[in-house]
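Protein chains: 2
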Amino acid sequence: MAPSIRTIAKLAGTSVSSVSRVINNSGYASPDLRERVEAAIRSLNFTPSKGARMLRGEPSRMIGLILPSIDVPFFGILAHTIEQHLFECGFQTLICSTAENADHEARYIAMLLSQRVDGVIVASAFSDTGHFRALADAGIPIIAIDRDLSGIADAAVMADHEEGGRLMVRHLLSFGHEKIGVVGAPGHSQPVQLRLAGIREELAKTGLEPLAVSLSGEHSFAETYRLARGLLEARPEVTALIGTTDIAAIACIHAAHDLGFTVPDDYSVIGFDDLPEAMFVLPRLTTVAQPIRGVGIAAADTLAKMIAARESGAPPVAADTTRMPVALVARQSVGPARSV
Amino acid sequence: MAPSIRTIAKLAGTSVSSVSRVINNSGYASPDLRERVEAAIRSLNFTPSKGARMLRGEPSRMIGLILPSIDVPFFGILAHTIEQHLFECGFQTLICSTAENADHEARYIAMLLSQRVDGVIVASAFSDTGHFRALADAGIPIIAIDRDLSGIADAAVMADHEEGGRLMVRHLLSFGHEKIGVVGAPGHSQPVQLRLAGIREELAKTGLEPLAVSLSGEHSFAETYRLARGLLEARPEVTALIGTTDIAAIACIHAAHDLGFTVPDDYSVIGFDDLPEAMFVLPRLTTVAQPIRGVGIAAADTLAKMIAARESGAPPVAADTTRMPVALVARQSVGPARSV
DNA sequence: CGGAACACCGCAAGCCTTTGGAATGACGAA
DNA sequence: TTCGTCATTCCAAAGGCTTGCGGTGTTCCG
């Protein structure tokens, strides 16, 4: 269906090799030849087949991006940043939403392998790392993002989740909160666990610990809302709620509101991520900002560099896990602890 | 680098054709042969090269998805739905965020062409349709989504934007609102224009018209917030604000709030889309729901069907533009008009 | 026991592109 | 006139995979 280089050659009255040469600007080509070929290309709207080029050994200039789901704001932003940045670097991104489903993951990885992608960025390792072995064995550079992928990834870049946890409780402590509940999800998510560790650590410094921790398996607004409401009903004595993500924190605000309380007068709430959504609630959410775009760009850059190095036969660039700084963004959802 | 079918053949002590046959389950293969080949494949982790297969004329089973930006919630949900559904149908999706940039668009289309995608779904035609001609000329099925693409697309599926506009004003009218302002963006977006037309039409039925319409070129929260605030300051006599999207409506609520008013007591606000974000504001946003996922699935299905038809040599399925129903979702941001 | 039917497997062509080397032709120099 | 030079162009091979066709070896029936 699509015209081949041969069609162009015939139309321009020349040979395929000459056509190839003018396309790639390699070797000699008289102005006349060049003109004829270019005219033929334009008239038939010819585009060389990437498949055939790959066969010749050229790199595919495609990279796979594996993540749980692109319709949640955090991953949407991450995916967008990576895709755009990689595009600037001349790469096309194949976005794979595994939906946290092991079977999907396996099928996606097979697809990436058969596409002969030049590299992979993954933010998805929800359970075992089995499937990724195949990628690593094939010698494909792998970057883990937002979480670790021990033994598999050649590099990892993520926000400093633990420090974020510490920041959250430090802020709460400074407002006199000592009875703190944590709600979030999912329990098996590494970033969430890291934040939790930071929270516990900072709390422990003053001999405290969370009054209650409610994590669920699913990471939806509805689910975290249910959790927050349950926590508030079971332990009304808490004065502050930590959402392990902004969405969870927003759910906390709603739960308090629906129970007839106001934030931050009755309960204070703090989140993590600083998504645009944090500005949508009223009161606007106090949260710990992580550099989502920064993480994406760093990951893309690292990958691009690794691929370039490999192509030029340079030694593999040693890169380990880089942790990006987080920062507290004080808005209106945290206030002084109500007196007992 | 990656093992080829020949490597497998050698390792299994057979010919490439036999290997190919066991891979594709075509022709005869003795249990013994099959076993040997499969063992070799496993041991070398062999995956057939898609490039080589395409060369043989097999379809690429890839489809391109062109949209403005995947980091805005609406397109994130749309892209996710399409990608997942297409994946179930055996297609891989190449997501292309044009960032409303003509140059990017052109480069993306060239990439899709050289990938030999089997079809394209586009939600992006912001300006002229020039680049898409190349796709159409190459005989690639094109589905327009969320908007029209006259003369280019083989089919279009979108929500009934006009009806949505009517629904919004009908709801407002039923609460006694007659002084209505509209804020949204972007002015050049077809869906927004369609909603606006519906709004005007329904208003005209009672001899009314919008008191003010503020559209901007950009579609961000910050931008629409500025617009809403300006409108409220310039025309405080309005009693209701229509956001042409949920994000714009949320910005309206914030503008009113920051000016010291409450919603819906002082001003009523209604949106369009019914994004998850509509539930995040307090008061929760009354809005017109469009079936984002339904649109995505319908588009993916139509495309899959067209491709299947074309492959089996069937006549092209005639499909024109399908308009999906919208529905009002009453929440707490619309109340009775305050008396004058 | 002869031969047909059948199961099984390999050969080789062809898909599209790139590229090293060889071919062609013109031209100036010896 | 005869040759190198040089610009320009072409030939052919390679790369991974599928598939029609032809070639084995086996089985089974008459």
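Protein sequence lines, in the order shown, are assigned to chains A and B.
Residues in the first sequence are numbered consecutively from 0, following numbering that gives the first Met the number 0.
Residues in the second sequence are numbered consecutively from 0, following numbering that gives the first Met the number 0.
By construction, the Cβ of each residue, glycine as well, lies at the ideal position given by its N, Cα and C atoms.
Neighbourhood of residue i by C-beta distance below 7 Å, restricted to the same chain and skipping five residues each side
i, result
"B/I4", "V15, V18, S19 and P47"
"A/A78", "L64, L66, I69 and I94"
"A/P324", "D159"
"B/Y107", "I65, C95 and T97"
Whole-number beta carbon distance between residue j and residue i, since they are thought to touch under 8 Å
i, j, result
"A/E276", "B/F279", "6 Å"
"A/I246", "A/S332", "The pair is not a contact, with the Cβ atoms about 14 Å apart (cut-off 8 Å)."
"B/V237", "B/D273", "No, B/V237 and B/D273 are not in contact; Cβ-Cβ is about 23 Å, not under 8 Å."
"B/F73", "B/I252", "The pair is not a contact, with the Cβ atoms about 18 Å apart (cut-off 8 Å)."
"B/V182", "B/L226", "5 Å"
C-beta atoms of residue i and residue j nearer than 8 Å
i, j, result
"B/Y224", "B/A254", "yes"
"A/A133", "A/I142", "no"
"B/G242", "B/I81", "no"
"B/A137", "A/N24", "no"
"B/P263", "B/G180", "no"
"B/L214", "B/G197", "no"
"B/L258", "B/R228", "yes"
"A/I76", "A/I40", "no"
"B/T301", "B/A154", "yes"
"B/R330", "B/L284", "yes"
"B/V156", "B/T321", "yes"
"B/A336", "B/F174", "yes"
"A/A122", "A/I144", "yes"
"A/A239", "A/L171", "yes"
"B/Q83", "A/S219", "no"
"B/A184", "B/E232", "no"
"B/A203", "B/L230", "no"
"A/A288", "A/A326", "yes"
"A/L85", "A/A299", "yes"
Within-8 Å CB hit, residue i to chain B
i, result
"A/M278", "yes"
"A/G63", "no"
"A/D273", "no"
"A/F220", "yes"
"A/S78", "Strictly speaking, residue 78 of chain A in this sequence is Ala, with Ser absent from that position. Chain B contact via Cβ: present."
"A/M305", "no"
"A/G334", "no"
"A/P72", "yes"
"A/R5", "no"
"A/G50", "yes"
"A/S19", "no"
"A/H130", "no"
"A/S68", "yes"
Cβ-heavy atom distance, residue i to the ligand FMN, below 7 Å
i, result
"A/T286", "For the ligand FMN, the structure offers nothing, since it holds no ligand at all."
Residue i - partner residues in DSSP beta bridges
i, result
"B/T92", "B/I62"
"B/S113", "B/S113 pairs with nothing; no bridge assigned."
"A/G240", "The question names Gly, but residue 240 of chain A in the sequence shown is Leu. DSSP output for A/L240 lists A/G180 and A/V268 as bridge partner(s)."
"A/A211", "A/G180"
"A/T320", "A/A155"
"B/I120", "B/L64 and B/I142"
"B/A288", "B/D272 and B/A326"
Test: residue i CB closer than 8 Å to a CB of chain A
i, result
"B/D145", "no"
"B/T46", "yes"
"B/G150", "no"
"B/A211", "no"
"B/L93", "yes"
"B/L112", "yes"
"B/G259", "no"
"B/S96", "yes"
"B/G75", "yes"
"B/D264", "no"
"B/R115", "yes"
"B/E82", "yes"
"B/G138", "yes"
"B/H187", "no"
Close beta carbons around residue i, own chain, < 8 Å, minus the five adjacent residues each side
i, result
"A/D117", "P58, S59, R60, M61, I62, F90, I139, P140 and I306"
"B/E200", "E161, G164 and R165"
"A/M53", "S59 and R115"
Spatial neighbours of residue i in its chain, beta-carbon cut-off 6 Å, leaving aside the 5 residues before and after
i, result
"A/F131", "I151"
"A/L111", "G63"
"A/V21", "A28, R33 and V36"
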